[in-house]
Amino acid sequence: MEKFFYPESIAVFGVSDTPSNLARVIVENLARFGFRGDVYPVGARDGIVAGRKILKNLDAIEGVPDLAVILVPARYAPETLEMCGKKGIRNVILESGGFSEFSGDRLGLEGGVLLMAERYGMRIIGPNCFGVVNLENGVILPFFIIDPDYMKVGSASLISQSGGVFYDTCMLCSVENVGLRKLVSIGNKLMTDENDILEYILNDDGTRVAGLYLENFSDGRRLMGLAASSPKPVVILKANRGPSSGEIAKFHTTALAGDDDVAEAAMRQAGIIRVTNFQEMVDCFKIFSLPALKGRRLALISRSGGHGVLCADAAKRYGFGFAAFSDNFFAGMYEKKLNVIAATNPLDIGDVYDLDEYCPILEMALKENDVDGVAFVITYSSETDGAKVRNFLTFASGIIPKYDKPVALCVVTNRSEWFAIKEAADIPVFTDVDQGMKALSWSLRHYEAKGREKGISYKYLGKMRCDDRAGRRFLGPDECFSLLVRAGLPVAQQALAESRDELLAAAGRLGYPVALKLADSALLHKSEAKGVYLDIHNDTELLGAFEQMGSMRCIIQKMVPSGHEMIIGGRFDHEFGPVIVCGLGGIYVEIMADKSIRVAPVDEDNARGMIDELKGSAILKGARGRKPADISALKDVIIRISRLLIENPHIMNLDINPVIVDEQGKGCTIVDAKVEITC
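Counting from 84, one number per residue, gives the positions in the sequence shown under my numbering.
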């Protein structure tokens, strides 16, 4: 992977001196950014590009280039790769489009690319991509023009599945004066996917934060493992939120845990920050260039009372509290004859007219032991205060590392000054208070996630891609409950009956009261199909229910004391493998949609977290005079089911609904379950 970012020599294919030629832009970008290695333009005709002679083949090159960049029509890609392979080139960026992204019948072309790569031992990024940018050494390989004056070298690296998003993020970072380090456009991910690049980026000493734009996950579990094991923040803008399948949900779990629900839960579980647009991605790059926010107590300082109120509202919205300023803080203010509207937090400094005094105010706030971070809002006119605001920003950039606390600076001014101040600032500047407060919340979330023990491996030995053409079947009731019993799960006493005599004999063994259920594993709502009869106390009631059910195959079950009804489910996700769902159960499970999701397996902390996330968790803990439920027993069920999913990769869907959770110390019982497996 190193030679993609640090080549000493690059061959660029598809170059001509025609003004509209795109490959020539690659050669010119390398010249603009002062790449010091050898560059070999290769094309069909003679010519000169960026002072370099266009070569017609590789024979004129002494030695073997470290990297080839190919931008030729797709149909010529395999033969160009063969040329590279025979020369001994092992690292290739295939920027050409016109492969599977264009039409399904182009898969054969991709097959030809893979054949050449395998034959010659080549590693390929692409096709259909913008390639690589390394601002550290001038390796600038996109075929769009990049101006060095607009690109700031920094500590944020980007991986993008889309070339357009790659370009847009570059431009937005330029507008926001956010420094970048390494950028990779991965295109169709034929050989090299986001995980291969991310693993390299996270080990790059100069990268402090990694951002990704993805439309699908190549291996979601590997991504989770990389993010969870790295101290560096990973930020993902995940598009393509719609369901991948239009299949009607046959399981409650499928309805509760759609594709994007799973992706959201998996990213949060691994400590990944998910954003929803380009601006949020760039704001993450900003905040992660500052020290981490290590607590929820903020100092809010504003020149405007209105902005102070907005800042306080935003702080509450994102779960922050207000630090209590010490007596020493206000004593320092009064000693410097700095008047404040009120000695409170938020601190209104509207009566401090000399902006040079903002410097000691910020330092005094950062000195406060109870302050974890600062949000500072400045409104000003460039004509009267522009120079002093620049002095303040310079002071802030020096003082922030000293106290190892973040400062979200929100600047409100006129249009031209706004762009000028961003360009002049060595620290991030935000547009409004909500933007800055949200960024601080991401910083805290990352810090808290990295503080938790990462004891779970996300590796999964089962197949990560199930064959949708393979047959599936529902387990019969006896198979289903046998599977659960072998997993050590608490299942209600029951029997399968196919005649009146078998039914009465089973009732005699179990003892009344009993429940009678239709033995149809494929049925989603048994109660709506009149397939459930409860609290049956004698033979007459039992036979009457049997007749009403109209089926000779049924399950008779010992009645379980009433309790809290929960659903625990699982399904195989095509990007993350087995996932587990916990929620309020019973007949209203999909109406309430109160659920939490994790990628399996889960440990005790994750199981407890799943329960705590539920809106109805307060009911389980005891509310309105009810005794607390046996949460410990429920946690054990969640953990065991997650292991069951991992150990049985043929399970596609599983519903355990309901699990009856009794009072604390009395356990819980599974009274109904449904399982679908691959044949």
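From the three backbone atoms N, C-alpha and C, an ideal C-beta is built for every residue, glycine too. The model shown is predicted, which means the values in this text are computed figures rather than measured ones.
Excluding the 5 residues flanking residue i on each side, which residues of the same chain have their C-beta closer than 8 Å to its C-beta?
i	result
Leu523	Ile370, Leu376, Leu381, Tyr401, Phe403, Gly456, Ala458, Pro489 and Ala491
Gly653	Thr336, Pro661, Val662, Ile663, Val664, Ala683, Ile724, Ser725, Leu727, Leu728, Ile734, Asn736 and Leu737
Arg552	In this predicted model, Arg552 has a pLDDT of only 46, less than 50, meaning its place in the structure is not dependable; the value taken from the coordinates is given anyway. Same-chain partners within the cutoff: there are none.
Phe659	Phe300, Gly303, Arg304, Met307, Val345, Ala346, Ala349 and Val682
Cys549	Any answer about Cys549 is weak, because its pLDDT of 49 lies below 50 and its placement is not dependable; what the coordinates show is given next. Within the same chain, Cys549 has close Cβ partners Phe655, His657, Met735 and Thr761.
Gly329	A caution first: Gly329 carries a pLDDT of 44, below 50, which makes its placement in the model unreliable, though a value can still be read off. So the list is empty, once near-sequence residues are dropped.
Would you say residue i and residue j are within 7 Å of each other, going by their C-beta atoms?
i	j	result
Ile137	Leu224	no
Phe118	Gly181	no
Leu281	Leu309	yes
Leu717	Val744	yes
Phe513	Cys493	yes
Leu430	Ile483	no
Leu113	Val125	no
Met520	Ala348	no
Phe213	Gly247	no
Ser154	Leu105	First, the residue type needs correcting, since residue 154 is Leu and not Ser in the sequence shown. Cβ atoms of Leu154 and Leu105: closer than 7 Å.
Ile176	Ile208	yes
Gly270	Asn217	no
Glu91	Gly120	yes
Ile638	Gln577	yes
Ser387	Thr462	yes
Ser240	Ala293	yes
Phe412	Glu451	yes
Gln747	Asp695	no
Ala507	Arg473	yes
Ala590	Leu625	yes
Lys533	Ala575	no
Asp410	Asn422	no
Val318	Cys367	yes
Glu193	Leu273	yes
Leu558	Val758	yes
Ser179	Ala200	no
Please go through the same chain and pick out, in chain order, the residues whose beta-carbon is closer than 7 Å to the beta-carbon of residue i, but skip the five residues on each side of it.
i	result
Lys321	Leu297, Ala346 and Arg357
Lys698	Asp677
Gly378	Asp455
Thr101	none
Phe475	Leu438, Tyr441 and Cys442
Asn323	Glu298 and Asn299
Ala756	Cys563, Phe564, Leu567, Asp738 and Ile739
Ala643	Residue identity differs from the one stated: residue 643 is Val in this sequence, not Ala. Cβ neighbours of Val643 beyond the five flanking positions: Ala575, Ile743, Thr752 and Val754.
Looking at the secondary structure, which residues open and close the alpha helix (DSSP H) in which residue i lies?
i	result
Leu617	Element bounds for Leu617: not the alpha helix (DSSP H) but the beta strand (DSSP E), Val615 to Ile619.
Gly415	Asp410 to Glu418
Thr477	Ser465 to Tyr486
Val672	Val672 to Met675
Asp688	Glu687 to Glu696
Lys450	Tyr441 to Lys450
Cys563	Pro560 to Arg569
Lys399	Gly388 to Arg400
Asn112	Ala106 to Arg115
For residue i, report the span of its beta strand (DSSP E) as first-last.
i	result
Glu648	His647 to Asp656
Glu91	First-last for Glu91: undefined, no H or E at that position.
Ser240	Val236 to Ser243
Gln577	Gln577 to Ala580
Thr761	Ala756 to Thr761
Leu138	No beta strand (DSSP E) holds Leu138; DSSP gives it neither H nor E.
Asp603	First-last for Asp603: undefined, no H or E at that position.
Lys678	Lys678 to Val682
Leu727	Unbroken run through Leu727 is the alpha helix (DSSP H), Ile714 to Glu730; no beta strand (DSSP E).
Going by beta carbon distance, what residues of the same chain come within less than 6 Å of residue i, once the five residues before and after it are set aside?
i	result
Ala353	Met307, Ala310 and Ala311
Tyr89	none
Ile702	none
Arg636	Glu581 and Ala602
Lys86	Asp149, Leu150 and Asn174
Gly594	none
Phe249	Phe213, Ser243 and Ser268
Compare the C-beta of residue i against all C-beta atoms of chain D and say whether one is closer than 7 Å.
i	result
Leu320	No chain D appears in this structure, which consists of one protein chain only.
Is it true that the stretch 675-685 meets the stretch 622-630, where meeting means three or more beta-carbon pairs spaced less than 8 Å apart?
no
For the stretch 252-328, list the alpha helix (DSSP H) runs that are entirely contained and at least 4 residues long, ordered along the chain.
277-285 and 303-312
List in chain order: all unbroken beta strand (DSSP E) runs of 3+ residues lying wholly within the stretch 345-369.
356-358
Could you say if the stretch 232-246 and the stretch 255-275 meet the contact criterion of at least three C-beta pairs nearer than 8 Å?
yes
Determine contact between the stretch 272-292 and the stretch 248-255, defined as no fewer than three beta-carbon pairs at a distance below 8 Å.
no
Secondary structure, alpha helix (DSSP H): runs of 4+ residues fully inside the stretch 151-201
160-170
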